[in-house]
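First the structure, in the form of structure tokens, and then the observations on it.
Printed below as a string of structure tokens:
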């Protein structure tokens, strides 16, 4: 039986895992868990993801959660160069710096703006929304500098970590209509986004998510 | 010249990196960056940590930021068993699941409670503080279940990820006086905390942080 990826195309985290599966040519079958119906809180799903999120994966009697860990598992199974092989400790360290940076300096900030512009525009007032966008913009100005010195977020080669950015960036840019990677003010982020958002792996997932 | 770790004992993230250096017997010298004086925003520090945080490290002409990446670098340099060696892909995946879980289901929640009880008790009103604590408690109830099935956060052996929890837990429990790992209601977390918080590596850092 192929690996099963549980979740829904509505989830950017599910999109991260599935995009990487495509990128490393790993066939996976999809086990629908519709969180709009609360299915992620059903016992059969909590047994594999105790915090009650999607995605999770099933590979025989092995199960795994956290989209970024699932994506790493896919890359490792396929011996993909998207994850450094461990022979160069400094290269691994820079990869881990990028991995941690995505979770600390991007994910919470883009999530807030996605909530405000796409998923739940009525939760926060205008002042809070402006603050969320300003906080994201401050981080993006730093990323703009980083991508002025290297081609991708972990160095000069594309890596797994670049893929972690795509679904949330797409959500804010294409669904939320917030031009966070404006070529006029952020040419390096714009150049990087044009590159990574054109990966066939992502285009396939995006087409299924629309 | 030994590796230099830039930061201050006031920072739990600095404490994470230094505890792991001690744990893997790696000598590091400390380069003080006092964020109470805004030194993390000085150009010489932003050159190594563009987001303006501590810690960062200097190892010859190599620099690295993000405490968790620094800790991995220390463990890899010393070929420590705190990080799986890569031969078992499923073991690596479970380690990465734990790494990601710490950042998504613990760090933001414990940070909010540390802010409310130790660092900035006047920022949020009582209702917000109660919400922050309730959110953390919901996560802790899931961790209690996880630690009922395995000895440590990534499996039955201690790993790097256990160390990522210690400084923030210490901050909330010992400085904020919030009994988050009460043996009466969370025996598994209490058992785990008694174990990991007694590591000599942490006790050394804690003594210097007081």
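Residue numbers (the UniProt record's numbering), protein chains in the order written: chain E, 1 to 210; chain A, 1 to 210. We put the CB at the ideal spot given by N, CA and C, even for glycine. For clarity, every value in this text was computed on a predicted model and none was experimentally measured.
Taking a Cβ distance cut-off of 9 Å, strictly less, list which residues of the region 95-119 of chain E are near chain A, in chain order.
-> 95, 96, 97, 98, 99, 100, 101, 103, 104, 105, 107 and 108
Residue 201 of chain A - DSSP class collapsed to helix/strand/coil | The count along the second chain starts at 1 and reaches residue 201 of chain A at position 201. If DSSP states are grouped into helix, strand and coil, residue 201 of chain A belongs with the helices.
Answer with yes or no whether the minimum CB distance from residue 124 of chain E to chain A is below 8 Å.
-> For the purposes of this step, residue 124 of chain E is identified with residue 124 of the first chain, where counting begins at 1. Chain A contact via Cβ: absent.
Is the shortest distance between the beta-carbon of residue 86 of chain E and the beta-carbons of chain A less than 8 Å?
-> As a working note, residue 86 of chain E is residue 86 in the first chain. Yes, because at least one Cβ of chain A sits closer than 8 Å to the Cβ of residue 86 of chain E.
Which residues DSSP lists as bridging residue 7 of chain E, in chain order | Translated into the one-based positions of the first chain, residue 7 of chain E becomes position 7. In the DSSP output, where bridge partners are listed per residue, residue 7 of chain E has E/32.
In chain C, what lies closer than 9 Å to residue 90 of chain E by C-beta?
-> In the structure shown, chain C does not exist; the protein chains are E and A.
Within the same chain, show all residues whose beta-carbon is closer than 8 Å to that of residue 111 of chain A, passing over the 5 residues directly before and after it, in chain order.
-> Taking the first residue of the second chain as 1, we reach residue 111 of chain A at position 111. Closer than 8 Å at Cβ, skipping near neighbours: 168.
Residue 3 of chain A to residue 209 of chain A, Cα distance in whole Å?
-> Within the second chain, residue 3 of chain A is the residue found at index 3, counting from 1. Within the second chain, residue 209 of chain A is the residue found at index 209, counting from 1. One C-alpha to the other measures close to 20 Å.
For the region 93-105 of chain A and the region 67-77 of chain E, state whether three or more C-beta atom pairs, one from each stretch, are separated by less than 8 Å.
-> yes
Name the two residues that bound the continuous alpha helix (DSSP H) containing residue 67 of chain A.
-> The residue you call residue 67 of chain A lines up with position 67 of the second chain. Taken as a continuous stretch (DSSP letters only), the alpha helix (DSSP H) holding residue 67 of chain A covers 67-77.
Three CB pairs or more closer than 8 Å across the region 148-160 of chain E and the region 116-131 of chain E = Not touching, per the Cβ criterion.
Alpha-carbon spacing of residue 17 of chain A relative to residue 207 of chain E, whole angstroms = Your numbering for residue 17 of chain A matches position 17 in the second chain. Your numbering for residue 207 of chain E matches position 207 in the first chain. When rounded, the distance between both Cα atoms is 42 Å.
Helix, strand or coil at residue 214 of chain A according to DSSP, with G and I counted as helix | Since the displayed chain A opens at 1 and closes at 210, residue 214 of chain A lies outside it and no answer follows.
Partners in chain A for residue 161 of chain E, counting only beta-carbon separations shorter than 8 Å = Here residue 161 of chain E corresponds to residue number 161 of the first chain, with the count starting at 1. Near residue 161 of chain E there are no residues of chain A at all, since even the closest Cβ is about 11 Å away, more than 8 Å.
Pick from A/40, A/201 and A/145 that is closest to residue 185 of chain A, judged by C-alpha positions | The sequence position of residue 185 of chain A within the second chain is 185, counting from 1. Nearest neighbour of residue 185 of chain A by Cα position, chosen from A/40, A/201 and A/145, turns out to be A/145.
Output, in chain order, the set of chain A residues within a Cβ distance shorter than 9 Å of residue 3 of chain E.
-> For the purposes of this step, residue 3 of chain E is taken as the residue at position 3 of the first chain. Here the premise fails: no neighbours, minimum Cβ distance about 12 Å.
Could you name the residues that DSSP lists as bridge partners for residue 59 of chain E?
-> For the purposes of this step, residue 59 of chain E is identified with residue 59 of the first chain, where counting begins at 1. Bridge partners of residue 59 of chain E: E/62.
How long is the line joining the alpha carbons of residue 102 of chain A and residue 163 of chain A, rounded to whole angstroms?
-> Along the second chain, read from residue 1 onward, the residue named residue 102 of chain A stands at position 102. Along the second chain, read from residue 1 onward, the residue named residue 163 of chain A stands at position 163. Rounded to whole angstroms, residue 102 of chain A to residue 163 of chain A spans 10 Å at the Cα level.
Please go through the same chain and pick out, in chain order, the residues whose beta-carbon is closer than 6 Å to the beta-carbon of residue 176 of chain E, but skip the five residues on each side of it.
-> Counting from one through the first chain, the residue named residue 176 of chain E turns up at place 176. Counting only Cβ-Cβ distances below 6 Å, and skipping sequence neighbours, we find 117 and 118.
So does the region 49-58 of chain A actually touch the region 7-16 of chain A, counting three or more Cβ pairs closer than 8 Å?
-> yes
Please classify residue 41 of chain E: is it buried, with 16 or more other beta-carbons within 10 angstroms of its beta-carbon, or exposed?
-> Locating residue 41 of chain E in the first chain gives position 41, where the first residue counts as 1. Residue 41 of chain E should be labelled exposed.
Short check: CB of residue 147 of chain A to CB of residue 192 of chain A, under 8 Å?
-> Along the second chain, one-based indexing puts residue 147 of chain A at 147. Along the second chain, one-based indexing puts residue 192 of chain A at 192. Yes; because the gap between Cβ atoms is below 8 Å, this pair is in contact.
Using a Cβ-Cβ distance under 8 Å, would residue 155 of chain E count as near chain A?
-> Against the first chain, residue 155 of chain E aligns to sequence position 155. With 8 Å as the cut-off, residue 155 of chain E does not count as an interface residue toward chain A.
Endpoints, the alpha helix (DSSP H) within which residue 175 of chain A is located | By 1-based counting over the second chain, the position of residue 175 of chain A is 175. Counting along the chain, residue 175 of chain A falls outside any alpha helix (DSSP H), and DSSP gives it neither H nor E.
Below 7 Å CB to CB, which residues in the same chain sit around residue 114 of chain A once its five sequence neighbours on both sides are set aside?
-> For this step, residue 114 of chain A is matched to residue 114 along the second chain. Answer for residue 114 of chain A: 168, 171, 172 and 176, listed in chain order.
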